[in-house]
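Here the structure is laid out as structure tokens; the discussion comes afterwards.
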Amino acid sequence: MTGLVFNWPLALAVAAFTVGACWFLTMPAPKFDSGSALNEGSASRGAIIFAAGGCASCHATPGQPDHLKLGGGLALASPFGTFRVPNISPDPVDGIGSWSVADLANALISGVSPEGRHYYPAFPYPSYTGMTLEDVGDLYSYLQTLPRVSGRAPPHDLFVFFRVRRGVGFWKLLFFHEGKSEAVLTRDPVRDRGAYLVEALAHCADCHSTRNIFGAVKPAARFAGGPDQEGTGFVPNITPERIGHWSESDLAEMLTSGRTPDHRRVGSTMIDVVANTSQLPQSDRMAIARYIKSLPPRTTPHP
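Dropping the structure here:
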């Protein structure tokens, strides 16, 4: 009987094709370039976008009282290691002062840096990707008005396997839908504004959901609460299954003062959230409340 002969040239060709295909499929793909018709916007409107997005909660330099000094450096623990939040002040060397509007749009909507590298989804671009370009331009203009802060954050301290950013390209293939928002719009302008705020700008699901082993939100547990990604507790369910007895006014009041209808006050990272939402127009807080009240009830996952 003639033995099988291993075809090395064919095997090498298949391996080379596979590597090439993976390299191509995981390539960072910024949506905008210098020729894109993107413009700076209104800094005053950008202040609202900044507050709704909770930018200061992560990017303000720790250990100092000014939440507009966006020098970064905050450590974010995760199952994959520790992420360090970058400097997004207008400093041209250590911050984003040299960025164009297209650079900011690529970061928020495509999850790609000006250097053409994937951002880790600890930066919530899977939600920000639903932002309008007008809001990106407004946010850009507002960020340019803030104080310059020198100094860069320390590098991420991740487990070895997760240090290869090209691997984020595989994650994006599975879980990232560029330009798509989870918001389902209706003809109710108040609810639709709330959908945009909750699903895109405020990225509420990024905290109030359970994630799978790859760090992506589980659709069946979206807004239903889950383990805090930093391992410090359990984030509450905000669907009607848990807070169905709250009225829209109750929710708007909580987003203004931190007081709940149960005569309690919010705690943990929600304190920072309220510090941001309290700066929004009352109409936006009511819009958020209406959208939250419209969510489908979902059972809280077991810890």
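Position 299 of the sequence shown, counting from 1, maps to 485 under this note's numbering, and the rest follow consecutively.
Where a beta carbon is used, it is the ideal one built from N, C-alpha and C, also for glycine.
Computed from a predicted model, the values in this text were never measured in an experiment.
Rounded straight-line distance, which links the Cα of residue j to that of residue i
i: residue 433; j: residue 345; result: 44 Å
i: residue 285; j: residue 300; result: 8 Å
i: residue 313; j: residue 249; result: 28 Å
i: residue 481; j: residue 245; result: 29 Å
i: residue 256; j: residue 386; result: 21 Å
i: residue 322; j: residue 287; result: 8 Å
i: residue 330; j: residue 234; result: 14 Å
i: residue 197; j: residue 208; result: 16 Å
i: residue 224; j: residue 206; result: 33 Å
i: residue 283; j: residue 194; result: 52 Å
i: residue 243; j: residue 458; result: 6 Å
i: residue 456; j: residue 418; result: 13 Å
i: residue 464; j: residue 374; result: 23 Å
i: residue 337; j: residue 389; result: 28 Å
i: residue 279; j: residue 268; result: 24 Å
i: residue 128; j: residue 488; result: What the structure shows of the chain is the stretch from 187 to 489, and residue 128 is not part of that stretch, so it cannot be assessed.
i: residue 260; j: residue 247; result: 7 Å
i: residue 405; j: residue 272; result: 29 Å
Residue from the options whose Cα sits closest to the Cα of residue i
i: residue 289; options: 220, 458, 362; result: 220
i: residue 447; options: 359, 456, 435; result: 435
i: residue 477; options: 371, 365, 222, 234; result: 371
i: residue 486; options: 233, 272, 412, 211; result: 412
i: residue 133; options: 406, 266, 253, 193; result: No answer is possible for residue 133: it lies beyond the span of the chain, which begins at 187 and ends at 489.
i: residue 484; options: 277, 294, 394; result: 394
i: residue 317; options: 367, 271, 348; result: 367
i: residue 340; options: 258, 479, 431, 383; result: 258
i: residue 466; options: 222, 295, 237, 440; result: 237
i: residue 217; options: 264, 253, 308, 319; result: 319
i: residue 377; options: 254, 469, 423; result: 469
i: residue 437; options: 365, 427, 273, 473; result: 473
i: residue 160; options: 409, 404, 303, 295; result: Any property of residue 160 remains undetermined from this structure, which presents the chain solely from 187 to 489.
i: residue 332; options: 215, 392, 229; result: 229
Anticipated Cβ contact below 8 Å, residue i with residue j, distance rounded
i: residue 240; j: residue 462; result: 5 Å
i: residue 306; j: residue 298; result: Not quite, the Cβ-Cβ distance comes to about 12 Å (not below 8 Å), so this is no contact.
i: residue 414; j: residue 335; result: Going by Cβ atoms, the distance from residue 414 to residue 335 rounds to 28 Å, so no, they are not a contact pair.
i: residue 264; j: residue 308; result: 6 Å
| query | Are there three or more Cβ pairs, one per stretch, closer than 8 Å when the stretch 348–361 is compared with the stretch 389–407? | reply | yes
| query | Which full runs of the alpha helix (DSSP H) of 4+ residues lie inside the stretch 429–464, going along the chain? | reply | 434–443, 456–463
| field | Completely contained alpha helix (DSSP H) runs for the stretch 246–317, where each covers 4 or more residues | value | 287–291, 311–314
| message | What ranges does the beta strand (DSSP E) occupy inside the stretch 212–244, keeping only unbroken runs of at least 3 residues that lie completely in it? | response | none
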